[in-house]
Amino acid sequence: MSSTTMTYREAIRLALMEEMDRDENVFIMGEDIGKYKGTFRVTDGLFEKYCQNTSDWLHEPPHPEIQDGVGRRVIDTPITEPGIVGMATGAAMTGLRPVVEMMTMSFAILALDQIINHAAKIHYMTDGQISVPLVIRGPGGAANQLSAQHSHSIEGWFAHVPGLKVVAPATPDCAKGMLKAAIRDDNPVIFTENPGLYAMKGEVTDDVDYTIPFGKARIARVGSDISLICYSRMVHVCLAAADKLAEEGINAEVVDVRSLLPLDTETIYNSVAKTHRAVVVYEDWKSGGFGAEIAARIGQDCFDDLDAPVGRVGGLNVPTPYSRVLELQCIPNEHDVIAEVKKIG
Amino acid sequence: MSSTTMTYREAIRLALMEEMDRDENVFIMGEDIGKYKGTFRVTDGLFEKYCQNTSDWLHEPPHPEIQDGVGRRVIDTPITEPGIVGMATGAAMTGLRPVVEMMTMSFAILALDQIINHAAKIHYMTDGQISVPLVIRGPGGAANQLSAQHSHSIEGWFAHVPGLKVVAPATPDCAKGMLKAAIRDDNPVIFTENPGLYAMKGEVTDDVDYTIPFGKARIARVGSDISLICYSRMVHVCLAAADKLAEEGINAEVVDVRSLLPLDTETIYNSVAKTHRAVVVYEDWKSGGFGAEIAARIGQDCFDDLDAPVGRVGGLNVPTPYSRVLELQCIPNEHDVIAEVKKIG
Amino acid sequence: MPKPATASDLVAPKEDLIRYHREMVYLRHFEEKSNFAYRQGKAGGYLHVYIGMEPLAVGWLNNIRKGYDYVITAYRDHGHALQLGSDPTATMAEIMGRSGGLSRGKGGSMHLYDIANQFYGGWGIVGGHTALAGGLALAAKYRKEDRVTLCYLGDGASNAGVFFETMNMCGLWDLPIIFIIENNLYAMGTALERHAADPELYKRGFPFKHDYERVDGHDMVTVLKDSKRIIDRCRETSKPCVVEAMTWRTVGHGAADNDRQLYRTKAEEDEMAKRDCLYLYEKYLEDNGVLTRAQMDQIDAEELEKAEKVYDDASESPHPEIEEVYSNVYTDMEPEKGH
Amino acid sequence: MPKPATASDLVAPKEDLIRYHREMVYLRHFEEKSNFAYRQGKAGGYLHVYIGMEPLAVGWLNNIRKGYDYVITAYRDHGHALQLGSDPTATMAEIMGRSGGLSRGKGGSMHLYDIANQFYGGWGIVGGHTALAGGLALAAKYRKEDRVTLCYLGDGASNAGVFFETMNMCGLWDLPIIFIIENNLYAMGTALERHAADPELYKRGFPFKHDYERVDGHDMVTVLKDSKRIIDRCRETSKPCVVEAMTWRTVGHGAADNDRQLYRTKAEEDEMAKRDCLYLYEKYLEDNGVLTRAQMDQIDAEELEKAEKVYDDASESPHPEIEEVYSNVYTDMEPEKGH
Ligand SMILES: Cc1ncc(C[n+]2csc(CCOP(=O)(O)OP(=O)(O)O)c2C)c(N)n1
Ligand SMILES: Cc1ncc(C[n+]2csc(CCOP(=O)(O)OP(=O)(O)O)c2C)c(N)n1
Ligand SMILES: [Mg+2]
Ligand SMILES: [Mg+2]
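Rendered as structure tokens:
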């Protein structure tokens, strides 16, 4: 099938536009996502495309000097994450399909009550009377000296919550295919994007109906000696580590989990059954991160296949410091992966 | 040392009173903790003891008809968890030692931004200029048909956050000793109490300076065949399971972790080195719960000691339903523990 | 014997006034049964009844477009469900956690939902549902419909941050929503003056360009007038509005609250009893010759009987099947099973 | 040449007025250097300067009891630190993430703290610090001290739920706190009218029994008068208060915001430039014969030189040692180490 080269950022933008074109019920809301294009410029051009005429406005210009009305399908919001997510959830309860941008996923922490204790539980508490086709997306993880309050990887918390689906694509093609799947999903989906990926280029399948179903891991590199289990930006860290390991004759397989909930244990287990060794790699704080869940499962379910303990590489157990030299210490890199591979032996 | 029999609830109350008597900087705040005594009646009598005279008031009676002022050391608050925790944190930054009661830990989800992104990071972001001697305590876990929004076990999320300490005592003696340690600790401490424990009676050491340091697990039952690793109410579930297993000739050791962060891996590992088998038991949703972290560590660090995969027993991966028959399905009981013990073989 | 009022003197057609009376009486009996179910151990958890506050459900909800306008409230939700047309037996069965319940026992007393009637629950996190309500109003405006959203919340809930965030967005975008603050003077055991810096809660709409006012919630006649006026205005202007309705819960906060004197005096309760909404309304009906005492006694007996039958029928409903614990976590997949 | 004012005409003693001028000039140069550091790659992440808003730091903080009253703000915090007495080199070093920084490089531009001067930061979560501020005020009242807490927040932050929850508790308990809303008309790329239902933000204090008013933030003379009056009143009455100070950031939201025309017009900027606080203040000083243009140019040169030296000295400060990544996570233990 034909494809086009584009950045991860462009792939997300294209997915948003295709789904908004396909379904009138799809709209986006968030902070500075309109004319300001979003802090990571993901929504560049959407306000212009969907909010040209007064008929495209949710509300007329709030102030004479301000020419533009409030977009109907591109809604700029105040800086009130709990309210934003709650209102998006309420709208979703009626069948609309909001896609909420979190300026960074660290701010989703303010909205956790709305996400976990409302959105995620509605379908169950109503025994299926209501569904919540809501997507919450945004950059998760450390960027470049954003300091302790802005650098969280919180996908693991979400992946712990029944009622949510959680994905963390590593490539432009996965980003587009999975965001489209997320928008078409009738359940609340957390879609996390590592800021380090936005500028990354890749081939993206052209088909407007190309979606990537959740719960299917991807073999990013075929190998035979050890399985590196990872997601999001860590996939590229693991690929870099694999290249270096190859030079030493260690042929690593890289499994891009990409969907944390549902989790494709089958693909993970098959890889481990083949390699007999596994290291789980994630950027989140090591202790209690979702990698622990993956490692625990491999440890229990692949017990007889394992020739070595299941290794783990995670972020340092400290708040992310501002200093670049200290920040770099916190984020796992290929050397940390290689060290763990050697450690488990 | 002499001891007194009392309930878990009374032990917590006694710890609060002893510490309030010892240190003028200690005060409690929360919803309905004054004359109303708290929904679980933990703070019964404290308003009367500490807020008798106008000089004990933070603020005069807000209304002529209302005789009582607002207690200074027992502060009834509005139902605004983010604000409560934030204000307690602010007060703690100046050296006061607030103990915040969450009516249930499920409501702490509203305050996670204040807990995780403020309280837990202050000491680090200021490089030690400020410390936050704050305790957040309350019932965590399912009680009796409180439904999906009120039945969370969220200690695992907290135990994932650097800068926090997290404890979950299982007995009245541990409750008193650890709450006193928490109040004397200069770091933010999450102290979770399972509602099923409040009425439980036990011997409590009398000494007013008896504290239980964090990071020390407790062997609740000595055994030789398998280690049941657990905390909070699940300790009693594991003890019941151990009794039944004993009848079948399986001699289980029960390790009460009691402190999740810091975690006493040494005691856990020593037990596994002895028994060569482990099952981790927790009430929280199985997938992604803190038990996964414990299991992952045992799997990696005790690899050569293990004669069987590390088993896990957790709550069902569903929002807690209201129906009692369904709710009971969700919470692990001794039969589930026994089943897992047999499964790992 | 007062002379019968002519139709024109009445706040609503006679037959409507009689129906409202039936609804109020029925609701009160239903709630008594709910508390009874709790005492009998047929209901568990937290259970909160509407006794004393009936006009806020019966009065207001008789002035909306039922099945079209959106309604959402907190956990004190039995009256709203019934008033919007939920099957009483299914409602009581839900309160008992039975398979015949509105949500087959998964929600319970605090979490009643009936989407067929546009009743969006039924929520347990104080203040949390106000944001969902804002979203319902946003959806109506997004679709260019003239639905009005009615969001009930308590006086205690009116302190919640998310409520203010939501009011701001509703004011910012002119969303057609009415926030009804059920000011029953207490948040569980905390008196209004002990939780709100300014007990005049209607003022909270002021910084957000909402219409805002304090209204009476005891006198059914006043409630009927105010609610009609406010709902019609909201539908017309599509402007948000905060209404503080002064009311009173005759009973404890929840079925488990057995010591009200911890936070309010007997004297206060006796004082308020004189303004019991049902007593006031029946006096109005009698004074205006709409119903005689005898007729009302008759109605009371009939509604009590209905409530008793509902209680018995609901009790017959079986508990859900164990396998149902896994159903409807997701629309399209099952969660991973087992402990 | 205007006749020199007599001391009594002046808003403050001449030497103070001159010092304030120096402080404003210095702060502006310091901020230019901060932006320069960012452009040079010596500072990273998010960096927000105070250019155009100087009177809110220089004016207000010269009317508190420095080192006694509590001060807390968000991430636009350089001016507050300097004004409260933080060592400029340590401040710039922190902005550069160096070991000579106030927090040895762990906090950065957004997270300046200097407890010795009672400066409590320095916070990155919009609105989040307002609750901490309420806690500072609570602590003062708990200890029966007459400290006043000054909490700065942005217009965008004034929508945050936790701010309202905090205002309610401060009003409920009469805590001695002043919330200064720095209304610079924009929240990042969102104009005031697009994020606040009612752009008159001072009204937000009304539902909580706070004193509330809108004041000017451009004219240093007015700022000095208002701030003294409000701070003294707050200390006296121990009543909370919301002050909306109208101001303007001359520059982008942060050092990375390089396209202001995405959200505001050039014309608007030119209009506001006429009300630049430093321009207005220098005009006042000149008109009242406090300082001549020549003297001010002299001062400007001196302060620029200081700022340049600070920049150079800070640049000399070494990066923190790698091991420090683990220090001060806890007061009494180290976190588990390694990946
Ligand atoms: C966030 C949160 N905090 C605390 C509670 C516990 N709680 C349930 S109801 C209630 C009182 C609410 O009072 P109000 O809003 O006045 O409603 P009312 O019960 O009077 O109708 C409290 C504190 C909760 N459910 N949610
Ligand atoms: C909870 C949260 N949401 C979003 C952000 C990103 N953000 C940082 S500053 C800012 C704008 C704040 O504007 P305002 O409060 O007016 O302060 P100003 O920058 O104008 O001084 C935003 C949206 C954040 N830091 N925290
Ligand atoms: Mg109430
Ligand atoms: Mg601003």
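Residue numbers (numbering that gives the first Met the number 0), protein chains in the order written: chain A, 0 to 344; chain B, 0 to 344; chain C, 0 to 338; chain D, 0 to 338.
Beta carbons: idealized from backbone N, C-alpha and C, even for Gly.
Note that this is a predicted model, so its numbers are computed, not measured.
Any non-hydrogen atom of ligand 4 closer than 8 Å to residue i Cβ
i      : result
A/A291 : no
D/R248 : yes
Contact test: residue i Cβ vs ligand 3 heavy atom, cutoff 8 Å
i      : result
C/Y185 : yes
C/G155 : yes
C/E181 : yes
Cβ-heavy atom distance, residue i to ligand 2, below 8 Å
i      : result
D/S108 : no
C/H20  : no
A/I114 : no
D/I71  : no
D/H47  : yes
Proximity to residue i [Cα-Cα], best of the options
i      : options                           : result
A/T278 : A/V254, A/I65, A/T264 and A/S286  : With the sequence shown as reference, residue 278 of chain A is identified as Val, and Thr is not the correct amino acid for it. The shortest C-alpha separation from A/V278 is found at A/V254.
B/P81  : B/R71, B/T38, B/E30 and B/K36     : B/E30
B/W156 : B/G287, B/V73, B/E47 and B/D300   : B/G287
D/V125 : D/V214, D/D299, D/A159 and D/G134 : D/A159
A/A10  : A/M86, A/P171, A/G298 and A/M199  : A/P171
D/V328 : B/I65, B/H122 and B/A291          : B/H122
C/L135 : C/D154, C/M168, C/G123 and C/H110 : C/M168
C/D145 : C/D113, C/I176 and C/H128         : C/I176
A/T42  : A/L95, A/M101 and A/A87           : A/M101
D/D312 : D/S98, D/D8, D/A196 and D/L83     : D/S98
C/N116 : C/K65, C/G127, C/H77 and C/Y45    : C/K65
B/G44  : B/R8, B/P318, B/I65 and B/Q113    : B/R8
A/H235 : A/A147, A/V324, A/E192 and A/N332 : A/N332
Listed by chain order, chain B residues near residue i by CB distance under 9 Å
i      : result
A/R8   : The contacting residues do not exist; A/R8 stays about 26 Å from chain B at best.
C/H110 : S146, A147, Q148 and Y321
Residues that residue i contacts on chain D, provided the C-beta gap is smaller than 7 Å
i      : result
C/D113 : Within 7 Å Cβ-Cβ: nothing; C/D113 doesn't reach chain D, min ~29 Å.
C/A196 : N167, G170, L171, F207 and K208
Nearest-angstrom Cβ-Cβ length linking residue i and residue j, presumed shorter than 8 Å
i      : j      : result
A/A118 : A/P161 : Contact doesn't hold; Cβ gap of about 12 Å is too wide.
C/I180 : C/S157 : 5 Å
A/L259 : A/V166 : 7 Å
A/V312 : A/I249 : Between A/I249 and A/V312 the Cβ distance is about 15 Å, and since that is not below 8 Å, they are no contact.
A/G422 : A/K342 : Absent from the structure is residue 422 of chain A, since the part of chain A shown begins at 0 and ends at 344.
Chain-ordered neighbours of residue i on chain A, where CB pairs are closer than 9 Å
i     : result
C/D76 : Correct list: empty, because the minimum Cβ distance to chain A is about 12 Å.
Proximal chain D residues relative to residue i, where beta-carbon distance stays under 9 Å
i     : result
B/V69 : L171 and W172
Under 8 Å by beta carbon: chain D residues contacting residue i
i      : result
C/K202 : F205 and P206
C/V161 : G160
Any non-hydrogen atom of ligand 1 within 8 Å of residue i CB
i      : result
B/F106 : yes
C/F258 : The sequence as given places Asp at residue 258 of chain C; Phe does not occur at that position. No, Cβ of C/D258 sits at least 8 Å from all heavy atoms of ligand 1.
B/H149 : yes
Chain-ordered neighbours of residue i on chain C, where CB pairs are closer than 7 Å
i      : result
A/N143 : In chain order: nothing, as chain C lies at least about 30 Å away.
Partner residues on chain B for residue i, Cβ-Cβ distance less than 7 Å
i      : result
A/P261 : What A/P261 touches in chain B: nothing, since even the nearest Cβ is about 10 Å away.
Where residue i meets chain C, residues with beta-carbon distance less than 9 Å
i      : result
D/E164 : N158, A159, G160 and F163
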